[in-house]
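Note that our numbering has the sequence shown beginning at 6, numbered continuously upward. In this text, a Cβ means the ideal position worked out from N, Cα and C, and glycines have one as well. Take a look at the structure below.
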Amino acid sequence: MRYLIILSAGLFLLGCKADNPLSVQTERGKLLSCELLQEYSIAEADSIITGYDEFLAIYPVDYPIRIYRITYITVDPFGEETTASGAVILPMDTTVSFPLCSYQHGTITERYEVPSFEGGELFLGIVFAPGGYVVCMPDYLGLGLGEGLHPYCHAKSEATATVDMLRATRQVCDEQDIHLNDQTFLFGYSQGGHATMAAARELELYHTDEFTLTASAPMSGPYDISGAQTELVVSDEPYSAPYYLPYLMFAYNEVYDMYDQYSDFLKAPYDTLLPPLFDGQHAGGEIDGVMPDVPKEIIRPEVLDDFLNNSSNPFRIALADNDLIYDWVPQAPMILFYCSGDELVTSQNSVVAKEVFDAAGATSVSLWETNPTLGHEGCAEPSFIYCRGWFDSLKE
Numbered sequence: 006m007r008y009l010i011i012l013s014a015g016l017f018l019l020g021c022k023a024d025n026p027l028s029v030q031t032e033r034g035k036l037l038s039c040e041l042l043q044e045y046s047i048a049e050a051d052s053i054i055t056g057y058d059e060f061l062a063i064y065p066v067d068y069p070i071r072i073y074r075i076t077y078i079t080v081d082p083f084g085e086e087t088t089a090s091g092a093v094i095l096p097m098d099t100t101v102s103f104p105l106c107s108y109q110h111g112t113i114t115e116r117y118e119v120p121s122f123e124g125g126e127l128f129l130g131i132v133f134a135p136g137g138y139v140v141c142m143p144d145y146l147g148l149g150l151g152e153g154l155h156p157y158c159h160a161k162s163e164a165t166a167t168v169d170m171l172r173a174t175r176q177v178c179d180e181q182d183i184h185l186n187d188q189t190f191l192f193g194y195s196q197g198g199h200a201t202m203a204a205a206r207e208l209e210l211y212h213t214d215e216f217t218l219t220a221s222a223p224m225s226g227p228y229d230i231s232g233a234q235t236e237l238v239v240s241d242e243p244y245s246a247p248y249y250l251p252y253l254m255f256a257y258n259e260v261y262d263m264y265d266q267y268s269d270f271l272k273a274p275y276d277t278l279l280p281p282l283f284d285g286q287h288a289g290g291e292i293d294g295v296m297p298d299v300p301k302e303i304i305r306p307e308v309l310d311d312f313l314n315n316s317s318n319p320f321r322i323a324l325a326d327n328d329l330i331y332d333w334v335p336q337a338p339m340i341l342f343y344c345s346g347d348e349l350v351t352s353q354n355s356v357v358a359k360e361v362f363d364a365a366g367a368t369s370v371s372l373w374e375t376n377p378t379l380g381h382e383g384c385a386e387p388s389f390i391y392c393r394g395w396f397d398s399l400k401e
């Protein structure tokens with residue numbers, strides 16, 4: 006999702022060192038390229054931040070920053086080597102040590118609306134980095150300079166792309182003589198909330214020898230994607246972002262090989278109208294222009310009936326594979342930010358996540374209702390503001 010202003014900036018020739026990608030052996034997180042996009046002084050960063058919202062002046066702007074676009078080696082959903090891109094924002098001071106802070110962006114269908122191409126959510130990195138965070142912002146697979154269809158809300162590849170982005174960011178810091186402490190923070194909104202929880206799980210289950218997760222802030226994400234979120238999206242009621250459903254079905258079909266062709270699960274004319282619109286060149290609103298208000302009306306009746314009534318339906322199994330709350334107990338502090346008025350990602354995702362984690366013995370997970378009256382778009386900005394204050398209270 007797009008929440009904040011779009012920044013335009015010139016492309017600098019100065020960049021980071023990186024190995025020739027043709028000479029690099031398969032190594033997850035290996036930095037392949039790094040180019041400087043923009044530099045801001047303290048005064049310039051402060052002007053950008055407070056120019057958007059004067060309330061943000063409550064947070065300090067202590068460092069000038071540099072913004073880079075990087076590419077790095079990661080793995081696709083099948084474990085094969087691929088390339089991904091992302092943005093890195095460095096606070097420029099070589100005398101202190103900073104924490105790593107990874108922001109996972111929301112739903113994007115246009116390939117170049119991502120942070121590394123200065124899409125609107127890059128602004129969040131500009132809010133955090135001058136306060137003393139090394140910020141990395143993965144584009145995920147299939148967006149930015151990644152190849153193929155983005156595997157939307159596929160938990161494992163969201164997680165591996167984020168972990169490998171953290172690794173590549175460490176290399177950028179080494180080359181720029183920026184020092185890191187042992188802290189790692191994660192935050193993200195909407196799809197980014199799902200990706201943030203996926204990355205937190207990945208770090209705590211498989212990478213505790215490499216990263217210390219200090220805190221995570223998943224915000225308004227579909228953590229219970231097979232349950233609470235599915236109930237909302239396949240209900241009989243109109244849904245204000247109906248393109249979410251075909252995006253998810255196309256992505257999961259690529260990963261799980263559920264159907265041979267689009268007409269196997271989509272009704273005419275949607276089987277021919279929708280696929281070309283997910284080529285990375287069309288915005289969600291444009292896709293919604295050919296969608297019915299009730300998303301499930303694009304699905305063939307017999308396929309929909311099987312999905313609703315058969316626990317072994319392939320799409321239902323794929324959704325369950327991307328739930329994030331049933332096979333893991335968070336250890337590091339986690340706040341689930343949400344708004345009860347969210348019409349796109351039901352607040353029940355956060356409520357159910359908290360209940361399941363508590364039942365499994367979690368003691369570090371909290372719920373934070375940002376504002377009960379705000380919808381999905383409105384909930385984002387105050388959630389980010391509260392998140393920044395919380396992270397600042399933990400930052401060394």
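Continuous beta strand (DSSP E) stretch holding residue i: start and end
i           : result
residue 373 : 370–374
residue 378 : It is not in any beta strand (DSSP E) - residue 378 carries neither H nor E in the DSSP assignment.
residue 4   : Given that the chain is displayed from residue 6 to residue 401, the structure contains no residue 4 and the question cannot be resolved.
residue 220 : 218–224
residue 248 : Run containing residue 248: none; DSSP gives neither H nor E here.
residue 83  : It is not in any beta strand (DSSP E) - residue 83 carries neither H nor E in the DSSP assignment.
residue 340 : 339–343
Buried versus exposed, by CB contacts within 10 Å (16 or more), residue i
i           : result
residue 121 : buried
residue 258 : buried
residue 307 : exposed
residue 399 : exposed
residue 314 : exposed
residue 54  : buried
residue 139 : buried
residue 193 : buried
residue 214 : exposed
residue 366 : exposed
residue 210 : exposed
residue 256 : buried
residue 5   : Within the shown structure, residues of the chain are numbered from 6 to 401, placing residue 5 beyond reach of any answer.
residue 135 : buried
residue 65  : exposed
Reference residue i, options the options, closest by Cα
i           : options               : result
residue 92  : 82, 64, 100 and 124   : 124
residue 44  : 204, 131, 316 and 58  : 131
residue 320 : 262, 286 and 207      : 262
residue 82  : 266, 286 and 163      : 163
residue 196 : 215, 354, 346 and 33  : 354
residue 151 : 387, 357 and 88       : 88
residue 85  : 63, 75 and 161        : 161
residue 52  : 128, 108 and 106      : 128
residue 155 : 80, 202 and 174       : 80
residue 142 : 136, 170 and 135      : 170
residue 327 : 337, 57 and 202       : 202
residue 334 : 325, 316, 359 and 317 : 359
residue 231 : 60, 312, 219 and 391  : 312
residue 94  : 220, 204, 175 and 356 : 175
Start and end residues, alpha helix (DSSP H) containing residue i
i           : result
residue 178 : 160–180
residue 322 : 319–326
residue 354 : 353–364
residue 230 : Looking at the DSSP string, residue 230 is not in any alpha helix (DSSP H), and its letter there is neither H nor E.
residue 306 : 306–314
residue 129 : 127–133
residue 292 : 289–293
Close-in-space but distant-in-sequence residues of the same chain around residue i (CB under 6 Å, 5 per side omitted)
i           : result
residue 344 : 375, 376, 379 and 384
residue 251 : 279
residue 99  : 182
residue 293 : 247 and 248
residue 298 : 243
residue 126 : 110 and 120
Contacting residues, own chain, Cβ-Cβ under 7 Å from residue i (five flanking each side not counted)
i           : result
residue 119 : 110, 113, 144, 148 and 149
residue 340 : 222, 371, 373 and 395
residue 264 : 258 and 270
residue 234 : 227, 350, 351 and 354
residue 347 : 225, 380, 381 and 384
Close-in-space but distant-in-sequence residues of the same chain around residue i (CB under 8 Å, 5 per side omitted)
i           : result
residue 363 : 370
residue 286 : 115 and 116
residue 46  : 69
residue 331 : 361
Those residues which DSSP pairs with residue i across a bridge
i           : result
residue 142 : 92
residue 44  : 71
residue 109 : 193
residue 185 : 103
residue 38  : 76
residue 271 : 304
Residue i Cβ short of 7 Å to the ligand SAH heavy atom set
i           : result
residue 351 : In terms of ligand content, the structure shown is empty, and the ligand SAH therefore cannot be addressed.
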